[in-house]
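Undergrad: Pasting a structure here, questions to come.
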């Protein structure tokens, strides 16, 4: 039997506003528990929400970028349920009239591109956080996150594999970071998704029974959770049983999905229009301002890099694919002129280090000034490319500037002809047998002499100068 | 010198003439509250702070308002910083807010002195003040009779002359009906005229704060100060606040008053009808013209209200869960048990009833039939009013179908009996219109009220019509004999 996978994703994007959606409390991550909380966030009696327009602007920017219809009049609804980290006993969200309707996102897998249509995207407030394992016999509540603005983006069920789901989330990450809609930090929960997964016999039109996997917050887990779930469903159906429609959690430690307790989702949310808020209207002038200030998107950046910095199409595409990398490149390019060496470093060594630790460049200790300085020192031959690599390793760990490292470790390249010549003469006179063999036609021995010079200079000799003088001296 | 039964205007003159100091006035007011403790109109007194504040008032300052040094009482659903605010519920019986409601803050910033928090129906749900966790309030006119509700404590405190005025809130008649039953003047402003920030919500789209006082003039003084747009309440109206005192004495000759055909007064007590006819004559004498008008959908007001208000209340009261503040049950097994026990212990019967009704009205499968349908009918009722106000200035009805009644005599078997108390008052909440109640005589030695309903934001017309009536009659001057208390 050939099975076909059908996936729809609900992505929660935390909008990078300074304050919350309905209160003026800060949204900063990592503050001590319950410090970014005001009267509104903890749902005290008699308090009322008031909207943060910045969240609307960000949502609209996203809508424009995916070619969606924007509803300029926003109505909010209450979604009622009891939970200890939901202070009001309801979440303010958009049910009937989402701010973003339709649109689509391009994804690429194995060099094939595909369009995933978006059903809708709506604004809502996040809940707080329940902590169940830190205090013996007690559950603790942290309301710092309560009221943080979220954009929930719902895709059509047009994703056909775990791989495509990952590509979709990567495209989403690129888009929201580029648009400055979100910091996209998955580890902190700024970008997470629920996956609706079902399978059907290939060729069937009708959708199979789906399960919803809640709250997945890394590219790796998305792939693993979906693959596990698809295998599970295939096994059920091939055994002649039926898939139960339910909500499941992905356990990354055991690498499996399992059902949530029925209590946690069997709710009648009793949606009704939020009577504490009037409809929020975005004027045509505001829409125009959003369009006028629209940020540059990856494709536009790519083209500009080719023109402005003379990068190859390949380099330009890789650097522009990540907002973090592109910002870094543009900052560094202000302080060096060897753009191709800069892009080589970013794509080569620097990316290798980033990938190893699975972080983005803005999360590392590197800064654009230091990296530009490193490029300049290689470019002006103060150091060799090889020494550059060891300096870079030091920069990666300590965040020091290349000049400091060169100075403190005496790594400055020897480019002085006289000094190098002296060393070469020593090497020649110390190795008469090899000189004879070389002159006798063993050209490969040239590398041996270079190695000896480098050994004596601890790698600091300028390789070009060494090559030149060595050739001259050996001929004599 | 006694300050009992004095109006704000009279107390202002006494203060300005140095016949009494603000501190003495606050002390007198506290003394009266103590003397009439049996009325049970206060839940919490603010002895120390109110006296300290009164003692610090300097009446010689130029920027003093009409309220400088005037003692007031606040309905116990306005949050008051540092002063317990209970909503007359067990679930909030230990709640001390860290903030003050905008309406109260404006009054206090004008120099008035909050002497205490008044009793009410629990969470403002009731028309008789019998649902309070802190016990019934007596009507100052007759012991053992209700003062009306839900702002029953405020109405009783003003009627007993303890304070010249008090704040109330009105979701379906909760200012006007107790004002009528206690023989005082009460005003529910246009929805959005006064900020709801810090006012503990019953039904967000209907709740509106307003004053209860001895005269229309005093209501105008309070309204001028309480009104205005508030950034913390986006439903508050961003419109200029007129000086409501400036037009009080304008002649009302030619004022067009509508009488609503759909309200069949012949069903009412004969005496209530007679008072109404007499008041019509007063207005006719003053030059007003009466027009019969039709509001075809108004008969649907009570069921419409009892779908919308409980629905909103069921959601608004979810935050009382025992987790962050208020009553929390002891010995609970898990989170669900904590909710069930805290809320079962914390809420009274009427509140539970309305939460159940509202939860039902919003449930999947019933939403369209109840909540949504009710909102559609609400729109029709509002359209009826819009249409009628094209041809009349104000509308006139009795405030309540009857006078104050004996404790326990209504609604005990059938809650709907009590819901019908709001028959005449509910529609102006649904339409968001201003309305007031003024005393216009008595039936069986108990006061009855006359309701005036105004057009959107036309509190000035209401206050003008009420003030002229009071200049030409003496009903508002009647005082209860307080011998039984």
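Protein chains in written order, with the working numbering: chain X, 1 to 476; chain Y, 477 to 961. Even for Gly, the Cβ is constructed at its ideal location relative to N, Cα and C. Remember, it's a predicted structure, so these values are computed and weren't measured experimentally.
1. Three or more C-beta pairs closer than 8 Å, one from the region 662 to 682 of chain Y and one from the region 705 to 714 of chain Y: is that the case here?
2. Starting from the C-beta of residue 163 of chain X, find all residues in its chain whose C-beta is less than 6 Å away, skip the five residues before and the five after it, and write them out in chain order.
3. Identify the continuous beta strand (DSSP E) that holds residue 872 of chain Y and give its terminal residues.
4. Spatial neighbours of residue 470 of chain X within its chain, please: CB distance less than 6 Å, with the 5 preceding and 5 following residues excluded, ordered by chain position.
5. Quick check on residue 84 of chain X - is its C-beta less than 9 Å from some C-beta in chain Y?
6. Residue 271 of chain X CB to nearest chain Y CB: under 9 Å?
7. Over the uninterrupted beta strand (DSSP E) stretch that includes residue 669 of chain Y, give me the two end residues.
8. Please look up how many angstroms separate the CB atoms of residue 648 of chain Y and residue 898 of chain Y, rounded, as I've assumed it's under 8 Å.
9. Closest Cβ-Cβ distance between residue 2 of chain X and chain Y: below 9 Å?
10. For residue 352 of chain X, does the count of other Cβ atoms within 10 angstroms reach 16, so buried, or fall short, so exposed?
11. Whole angstroms is fine: what's the gap from residue 176 of chain X's alpha carbon to residue 182 of chain X's?
12. List, in chain order, every chain Y residue whose beta-carbon is nearer than 7 Å to that of residue 50 of chain X.
13. Relative to chain Y, which residues along the region 40 to 67 of chain X have a C-beta separation below 8 Å, given in chain order?
14. If you pair each beta-carbon of the region 252 to 262 of chain X with each one of the region 274 to 286 of chain X, do three or more pairs fall below 8 Å?
15. Is residue 714 of chain Y helix, strand or coil by DSSP?
16. Residue 26 of chain X CB to nearest chain Y CB: under 9 Å?
17. Specify the secondary structure class of residue 264 of chain X as computed by DSSP and reduced to three states.
18. Mapping the DSSP letters down to three states, classify residue 958 of chain Y as helix, strand or coil.
19. Under 9 Å, Cβ to Cβ, is there at least one residue of chain Y near residue 264 of chain X?
20. Please confirm whether residue 637 of chain Y and residue 503 of chain Y have their CB atoms less than 9 Å apart.
21. So what does DSSP say about residue 505 of chain X, is it helix, strand or coil?
22. Mind listing, in chain order, the continuous beta strand (DSSP E) runs of no fewer than 3 residues lying wholly within the region 808 to 895 of chain Y?
23. Could you tell me the boundaries of the beta strand (DSSP E) in which residue 905 of chain Y lies?
24. Please compile the residues from chain Y whose C-beta is within a distance smaller than 7 Å of the C-beta of residue 87 of chain X.
25. Whose C-beta lies closer than 8 Å to the C-beta of residue 581 of chain Y among residues of the same chain, with five residues either side of it excluded?
26. DSSP three-state call for residue 617 of chain Y: helix, strand or coil?
27. In angstroms with no decimal places, state the Cα-to-Cα distance between residue 65 of chain X and residue 281 of chain X.
28. Specify the secondary structure class of residue 104 of chain X as computed by DSSP and reduced to three states.
29. When the Cα of residue 165 of chain X is compared with those of X:185, X:324, X:225 and X:180, which residue comes out closest?
30. Please tell me whether residue 135 of chain X has its Cβ less than 9 Å away from any Cβ of chain Y.
31. Check whether the region 794 to 804 of chain Y and the region 834 to 854 of chain Y are in contact - that is, three or more C-beta pairs closer than 8 Å.
32. Hey, is the region 18 to 31 of chain X in contact with the region 647 to 662 of chain Y, meaning 3+ C-beta pairs nearer than 8 Å?
33. According to DSSP, is residue 321 of chain X part of a helix, a strand, or is it coil?
34. Where in the region 119 to 185 of chain X do unbroken runs of the beta strand (DSSP E), each at least 3 residues long, occur, reported from the N-terminal end onward?
35. Please classify residue 220 of chain X: does DSSP put it in a helix, a strand, or coil?
TA: According to the structure shown:
1. yes
2. 109
3. 870 to 874
4. 424 and 449
5. yes
6. yes
7. No beta strand (DSSP E) contains residue 669 of chain Y, which DSSP labels as neither H nor E.
8. 5 Å
9. no
10. exposed
11. 5 Å
12. 707, 708 and 710
13. 42, 43, 44, 45, 46, 47, 48, 49, 50 and 51
14. no
15. coil
16. no
17. Residue placement at residue 264 of chain X is flagged as unreliable, the pLDDT there being 48, under the threshold of 50; a coordinate-derived value is accordingly withheld.
18. coil
19. Unreliable positioning characterises residue 264 of chain X in this predicted model, as indicated by a pLDDT of 48, which lies under 50. A coordinate reading is not provided.
20. no
21. Past the edges of chain X, shown from 1 to 476, lies residue 505 of chain X, and the structure says nothing about it.
22. 870 to 874
23. Run containing residue 905 of chain Y: none in the beta strand (DSSP E); it sits in the alpha helix (DSSP H), 902 to 907.
24. 795 and 800
25. 674
26. coil
27. 20 Å
28. strand
29. X:225
30. no
31. no
32. no
33. helix
34. 129 to 135, 138 to 142 and 149 to 155
35. helix
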